[in-house]
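Q: First to last, the sequence lines map onto chains A and B.
Going letter by letter, the first sequence gives residues 1 to 126 in the working numbering.
Going letter by letter, the second sequence gives residues 1001 to 1126 in the working numbering.
Have a look at this one.
2 protein chains.
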Amino acid sequence: MPPDKRIVFEQPCPIRDVLDRIGDQWSLLVLETLRGGTKRFNVLLREIGDISKQMLARTLRRLEQDGFVARTVFPEVPPRVEYTLTDLGRSFLEPMQALVFWADIHHQAIVAARQRYDQVIAPGGH
Amino acid sequence: MPPDKRIVFEQPCPIRDVLDRIGDQWSLLVLETLRGGTKRFNVLLREIGDISKQMLARTLRRLEQDGFVARTVFPEVPPRVEYTLTDLGRSFLEPMQALVFWADIHHQAIVAARQRYDQVIAPGGH
DNA sequence: AATATCGGTCTCCAATTTAGACCATGTCAT
DNA sequence: ATGACATGGTCTAAATTGGAGACCGATATT
């Protein structure tokens, strides 16, 4: 993202600003995974399954930056780093929950729409 | 996305499947823009402002595919193509609205968190 | 010794996104 | 008649982003 894509009229547009952050491949998924409680880096990595270390590290750093998660380092060997939702992060789970419910309820409709599209529109093309 | 990243245990995981679609740079923004009613391609392009033609076209095609928006072509010259939310698309606006409200309410907290991060954590590094 | 754990970072390569040219067609002003 | 403009895209080349896997330092385990 260019440094100030989210700036409109000299002020950040809240919606754009927030959507730009959580609207990526992984943020929502990480947040959803942390709903289950404090977790270590490698636990997140394994639970999510198909995220790369690099992207998990980046996503967590941005979520930390924006105050959604807190990062705690334990100076042990081997190192231990725990990630946990902040109050802000937890408050975000509520609207997100609504989205997850919606997804559950309407998933079939989406799958059906895809099939219709593949059969009716795709062969002829636009 | 590899063709079947969203397939888990031989069945699509609804949450992953839906989040993978709407969780991209542009889908939520396009949907939010269409909340205002039926719009033509170039109107969307101008209202969103910093999306490229190609990405708008792609995003709209996927939203159409998944049944969120309907596409109507008027065989005029110059061509006219209108995009409008379907019932499914409109039903999605409700949980999304919750997200938008949340963003409005908590935007300041996020901005504050960023400043804290920049001042406290960034200089020392991790 | 070797090997594994842990939380990353780094490099290299593949995939995605962007900017911008281009297209066909018809209307409007010169 | 000629040129500019509008529309809804698509195509290409260049820039950005993402993934796979090597690597690290310190210690415990085999």
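Beta carbons are placed, not taken as given, at the ideal position from N, Cα and C, and that holds for glycine.
#1: List the DSSP bridge partners of B/Phe1074.
#2: Express the C-alpha separation of B/Arg1021 and A/Arg40 in angstroms, rounding to a whole number.
#3: Could you check whether the Cβ of A/Arg114 sits closer than 7 angstroms to any Cβ belonging to chain B?
#4: To be precise: take each residue of the region 1047-1066 of chain B, compare its Cβ to all Cβ atoms of chain A, and keep it if any distance is under 9 angstroms. Which residues remain?
#5: Note down, in chain order, every chain A residue with its Cβ under 7 angstroms from the Cβ of B/Ala1098.
#6: Examine chain A for any beta-carbon lying closer than 7 angstroms to the beta-carbon of B/Gly1023, and answer yes or no.
#7: If we ignore side chains and look at the alpha-carbon of each, how far apart do B/His1107 and B/Glu1076 end up?
#8: Closer than 7 angstroms by C-beta to A/Arg80: which residues in its own chain qualify, once you throw out the five before and the five after it? Chain order, please.
#9: Who are the neighbours of A/Phe92 on chain B, taking C-beta pairs under 7 angstroms?
#10: With 7 angstroms as the threshold, decide whether the Cβ of A/Ala109 is near any Cβ in chain B.
#11: Please report the straight-line C-alpha distance between A/Glu82 and A/Thr72, rounded to a whole angstrom.
#12: Would you report the Cα separation of B/Arg1058 and A/Pro78, rounded to the nearest angstrom?
#13: Which chain A residues sit within Cβ distance under 9 angstroms of B/Val1018?
#14: Quick check on DSSP: helix, strand or coil for A/Arg40?
A: By the coordinates alone:
#1: B/Arg1080.
#2: Approximately 27 angstroms, taken between the alpha carbons.
#3: Answer yes: the Cβ-Cβ gap between A/Arg114 and chain B drops below 7 angstroms somewhere.
#4: The residues in question are Gly1049, Asp1050, Arg1061, Glu1064, Gln1065, Asp1066.
#5: Near B/Ala1098 (Cβ distances below 7 angstroms), the residues of chain A are Pro95, Ala98.
#6: Chain A, which has a Cβ nearer than 7 angstroms to the Cβ of B/Gly1023, makes this yes.
#7: Separation of B/His1107 and B/Glu1076 (C-alpha to C-alpha, rounded to the nearest whole angstrom) is 44 angstroms.
#8: Arg40, Phe74, listed in sequence order.
#9: Going along chain B in sequence order, the residues near A/Phe92 (Cβ under 7 angstroms) are Trp1102.
#10: Chain B contact via Cβ: present.
#11: Rounded to the nearest angstrom, the two C-alpha atoms are 5 angstroms apart.
#12: Between B/Arg1058 and A/Pro78, the alpha-carbon positions lie close to 46 angstroms from each other.
#13: What B/Val1018 touches in chain A: Leu99, Val100, Trp102, Ala103, Asp104, His106, His107, Ile110.
#14: Collapsing the DSSP output to three states places A/Arg40 in a strand.
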